[in-house]
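Remarks on the structure that follows.
Protein chains: 2
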Amino acid sequence: MAADSPCLCANLRRVTRAVTAAYDAALQPASLRITQFSILRILERLGPVGVTRLAAEAALDRSTMGRNLDPLERRGLVRLTVNAADQRERVAALTEAGRAALAAALPLWRAAQARVETAFPPAAVADLASRLARLDSAQTD
Amino acid sequence: MAADSPCLCANLRRVTRAVTAAYDAALQPASLRITQFSILRILERLGPVGVTRLAAEAALDRSTMGRNLDPLERRGLVRLTVNAADQRERVAALTEAGRAALAAALPLWRAAQARVETAFPPAAVADLASRLARLDSAQTD
DNA sequence: GAGAGAAATGGGTATATACCCGCTTCATGG
DNA sequence: CCATGAAGCGGGTATATACCCATTTCTCTC
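Chains as they are written, first to last, in full-length UniProt numbering: chain Y, 1 to 141; chain V, 1 to 141.
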C-alpha cells in the first residue's frame, strides 16, 4: 500500500499561517491585522450593514464576526448602532477614524500583496477560491 | 488606476476555513480536529519528542504547540513527561489511547482527503506549500 | 567551580474561529 | 390582536494562534 499523501488541510493551514503573518507584519505600522483590514474593507464597500450580512460577506460565522468587531469598536474604527427600524439588528459602520486607518493601511497592504505575490502566484490562489463552491457540493453529497 | 486585486490573504484564509471545517466534520466521529490529528500524526512519525521540536515540525509557534497539546493530554491521548536527562525539556509521546484514536481517525481522514481533493487539486496545494521558503526570503528582503 | 549566556518552557494577553443556547424583537396567519 | 415561528444577536465554552516576559535549567568558558 502506498504511503498516505501529505494532508492537504495541514499544508493549506501552514501556508495560510505564513501568509497571514506576512500581511500582519506589513500592516503593523497601521496597528491593523489582515483580518481587521479585511473587515474594514468590506464595510467601506457595503456601507452600514448588519452583522449577519457582514459575516456572510466575509464567509465567517455570525458570532465570529460579532467578536471580531469588538477590537475595532473599542478602538473607534467601527461604530455599532441599533437599527431603529428593526431593533434586533445591530448595524456596523466605518467611523472617520476607521476610514483614516484604512487609508493609512492601504499602501502597506499593497506592498504585502505585491511581496506575497512574488512567492505565490495570485492566479493559483484565486483558482482555489473559485473552487469553494465545489467543496460545498462535495460535502452535501 | 486599476481596482486593487482581491486580497490574496483573505482568499487563502477563506479557503482554509472551509477546508478545515470539512476535515473537522469528517473527523468528528473520532472526536478529533484536523489540528489535533496532525499533531498525533507527527508524534507517531517522530516518537517521543520535545515541545520545541514538535512545534518546529508543525511550523507552529512553541507556545501554540504547548497549548494545543493541552486538550490531547487532558484526554489521555498524549503524555507529557520531563526529560530526565534535561529537566528543561518536556517530552510529548503518544499513549496507547492516542494510537487507538489515530487508528480510528485514519479512515475518516482518508475520506475527507479524497473528498476535498475532488474540489481542490492536491498538486496545486502542494505547489503552494513548496513555495513557502520563497515567502520567507521575500520577507527578509 | 562560579558566573554569563543560551535553551526550554509556562503564563499573561490578545485575537480568530465556531458551536450551541437563550433572549429579544419582528412578521404573519388566523 | 394574539400566538407562533422566524430572524438577529450576545454570551458561554472550547480550540487555535502568536507575541512577550519571566523562570528554570543547562552549558560553556574562564
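Glycine included, each C-beta is placed from N, C-alpha and C at the ideal position.
Look at the beta carbons and you see the segment 106-125 of chain Y touching the segment 125-138 of chain V: at least three pairs across the two are nearer than 8 Å.
Partner residues in a beta bridge of residue 43/Y, as assigned by DSSP, do not exist. Partner residues in a beta bridge of residue 134/V, as assigned by DSSP, do not exist. Under DSSP, residue 94/Y forms a beta bridge with 78/Y.
Around the CB of residue 82/Y, fewer than 16 other CB atoms lie within 10 Å, so the residue is classed as exposed.
In this structure, residue 27/V sits near residue 105/V, with a CB-CB distance shorter than 8 Å. For residue 119/V, the C-beta contacts it makes with chain Y under 7 Å involve 131, 134, 135, 138, in order along the chain. Note on residue 38/V: 16 or more other CB atoms within 10 angstroms of its CB, so buried under the neighbour-count rule.
Under the criterion of beta carbons closer than 8 Å, residue 49/V and residue 100/V do not qualify as touching, at roughly 20 Å. Of all alpha-carbon atoms in 90/V, 12/V, 128/V, 130/V, the one lying nearest the alpha-carbon of residue 78/V is that of 90/V. About 5 Å separates the Cβ atoms of residue 11/Y and residue 125/V, confirming a contact at the 8 Å cut-off. Against chain V, the CB of residue 14/Y has a partner CB under 8 Å away; the residue lies at that interface.
Counting along the chain, the unbroken alpha helix (DSSP H) around residue 11/V starts and ends at 8-27.
Residues of chain V whose Cβ lies closer than 9 Å to the Cβ of residue 126/Y are, in chain order, 5, 6, 8, 11.
In the DSSP assignment, residue 54/V falls within the unbroken alpha helix (DSSP H) covering 51-58. Between the alpha carbons of residue 76/Y and residue 55/Y lies a distance of about 20 Å. Non-local C-beta neighbours of residue 95/V in its own chain, meaning closer than 8 Å and more than five positions away in sequence, comprise 76, 77, 78, 79, ordered along the chain. Contact annotation: residue 45/Y and residue 16/V have beta-carbon atoms that are not nearer than 8 Å. Of all residues in the segment 48-62 of chain V, only 59 place a beta-carbon less than 7 Å from a beta-carbon of chain Y. With the criterion set as a beta carbon lying under 9 Å from some beta carbon of chain Y, the members of the segment 100-120 of chain V are 106, 109, 110, 112, 113, 115, 116, 117, 118, 119, 120, in sequence order. The beta carbon of residue 71/V sits no closer than 8 Å to any beta carbon of chain Y.
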